[in-house]
Amino acid sequence: MNTKSNLQHIAIAGAGLLGRLIAWRLRLQGHDITLFEAGKLQPDNTLRAAAFTAAGMIAPLSEAVVSDANVYRMGQFALQRWPQWLSDLPQANLPQQNPQLFFAKGSLLVAHPQDESELQQFENELNFVVPECRNYQWLSGHEIQTLEPDLHSHFLRGLLLQEEGHLHNREFLQQLGDELVRLNVTIYENTPVEVDPHTIRALDRTEKFDLVIDCRGLGAKTQLTQLRGVRGETLHVETSEIRLQRPVRLMHPRYQLYVVPKPNNRFIIGATQIESEDRSPVTLQSSLELGSALYTLSPAFAEARIIETDTNLRPAFMDNLPKIFCSPGLIIANGLFRHGYLLAPAVTEQVLAQVAQNHTILFPNLLQPSG
């Protein structure tokens, strides 16, 4: 338990997913928190963290296949931690129409009959990366229809990944922003900063703190030269003609499309991962590919209304894995890449351990030499 003698005045740079989570958990411990955000806490479309553009999938099996076993194990941790953390949010502040934010119904992988080898390849790669994992099952076409009756009936085989879930991310970020205000976190919006040990430097002032935690994502690129942005594009549609209970991934030789259900008959669709730091709007090619692939999942999507297209840059290091750098007076946490909601709980908990100086190494792969 914290006492007044070990409570600190801590500055956090960046109010994306990591910055908000760390600010929240540290404030609940009694620390005095000041949060600096280059945009707004409830952002518009001009400047917002990648966490607002994300689909909110918590998919340790799917991401392990394209990453490593550490991602899988940190994802397992996330599936346990998210419902615990969400129970700490005041229920009275949650949307009355859609109070639930976290869902642990797994995710479904399907492929067109001519592409079913993609499903077998996925299983082979999963067993190679995480040989101990058995939390998935093969489904027949009938079983797919039983689970998700609104999908096209021509899917004859699928994989149900039980150990996956999803989060209504935008709703969560809004609620968490409101909670930070309620908890009297000092918040400076529209305030880009640079960081040094114990020091925050803004255009109009320099402030000293017991500790600075840098969670600026790609905003830290001027000081983290090894950081890069990876472009992602999403399509948001709205329709009352189809219901999905869980995220669905369409396995294809050229791309893997995902569809994630959101509140109020909305769905977010994505597939693209582009090595570019271009923030311009979604391309016509991407829109056509996402739309045509979505239609093959269910013809009912043909009448869906496109309500938003979105692009953003995911902060990533060269190995696409997150890192924590610790030195006296400064902790840097960055590089969530496209794994934000999957890995943020592990990164947050390791940062909290570093703040407490209890020398607990929860996730050794995260900690990097400070030099």
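Each residue of the sequence shown is one higher than the one before, counting from 60 in our numbering.
Just so you know, even glycine gets a beta-carbon here, dropped at the ideal spot from N, CA and C.
Pairing CB atoms from the region 115-133 with CB atoms from the region 87-106, are three or more of them under 8 Å? no
Span of the beta strand (DSSP E) around F95: Along the sequence shown, read from residue 1 onward, the residue named residue 95 stands at position 36. Counting along the chain, the beta strand (DSSP E) containing F95 begins and ends at 91-95.
Could you check the C-alpha separation between N393 and C274 for me, to the nearest Å? Counted from its first residue, the sequence shown places residue 393 at position 334. Counted from its first residue, the sequence shown places residue 274 at position 215. Near 6 Å, if we compare the C-alpha coordinates of C274 and N393.
Assuming the contact rule is C-beta atoms closer than 8 Å, P251 and A97 should be a hit. Round their C-beta distance to whole Å, please. Your numbering for residue 251 matches position 192 in the sequence shown. Your numbering for residue 97 matches position 38 in the sequence shown. Going by Cβ atoms, the distance from P251 to A97 rounds to 4 Å, so yes, they are a contact pair.
Extent of the continuous alpha helix (DSSP H) to which T431 belongs: Nothing about residue 431 can be reported from this structure: the residues present for the chain run from 60 to 430 only.
Hey, would you say V319 sits closer than 8 Å to G115, going by beta carbons? If you number the sequence shown from 1, residue 319 lands on position 260. If you number the sequence shown from 1, residue 115 lands on position 56. Going by C-beta atoms, V319 is nearer than 8 Å to G115.
Beta carbon of I71 nearer than 8 Å to that of L100: In the sequence shown, counting from the first residue as 1, residue 71 sits at position 12. In the sequence shown, counting from the first residue as 1, residue 100 sits at position 41. No, Cβ-Cβ distance for I71 and L100 is not below 8 Å.
In this structure, does DSSP put Q427 in helix, strand or coil? Working through the sequence shown from its first residue, we reach residue 427 at position 368. Strand.
Give the single residue among A74, L77, G73, I69 whose Cα lies nearest to the Cα of R86. For this step, residue 86 is matched to residue 27 along the sequence shown. Out of A74, L77, G73, I69, I69 has the C-alpha closest to the C-alpha of R86.
Considering only the beta carbon of each residue, do L235 and I246 sit closer than 8 Å? Taking the first residue of the sequence shown as 1, we reach residue 235 at position 176. Taking the first residue of the sequence shown as 1, we reach residue 246 at position 187. Cβ atoms of L235 and I246: not closer than 8 Å.
Any idea if S351 is buried or exposed, counting beta-carbon neighbours within 10 angstroms, 16 or more meaning buried? Here residue 351 corresponds to residue number 292 of the sequence shown, with the count starting at 1. Exposed, since its Cβ has fewer than 16 Cβ neighbours within 10 Å.
Once you ignore the five residues that flank A299 on each side, which residues in its own chain have a CB closer than 7 Å to its CB? Counted from its first residue, the sequence shown places residue 299 at position 240. Per the sequence shown, the amino acid found at residue 299 is Ser instead of Ala. Hits under 7 Å: N324.
Note down, in chain order, each residue of its chain lying with its Cβ closer than 7 Å to the Cβ of L372, except the 5 sequence neighbours on either side. Taking the sequence shown and counting its residues from 1, one reaches residue 372 at position 313. Closer than 7 Å at Cβ, skipping near neighbours: A109, L277, G288, V289, R290, E336, R338.
Taking all protein chains shown into account, do 16 or more other C-beta atoms lie within 10 angstroms of the C-beta of P358, making it buried, or fewer, making it exposed? Working through the sequence shown from its first residue, we reach residue 358 at position 299. Exposed, by the Cβ-count rule.
Going by C-alpha distance, which of I383, Q315, L294, Y314 is nearest V341? Within the sequence shown, numbered from 1, the residue matching residue 341 stands at position 282. Out of I383, Q315, L294, Y314, L294 has the C-alpha closest to the C-alpha of V341.
Could you tell me the alpha carbon to alpha carbon distance between S386 and P256, rounded to whole angstroms? As a first step, residue 386 must be located in the sequence shown, where it is residue number 327. As a first step, residue 256 must be located in the sequence shown, where it is residue number 197. Rounded to whole angstroms, S386 to P256 spans 8 Å at the Cα level.
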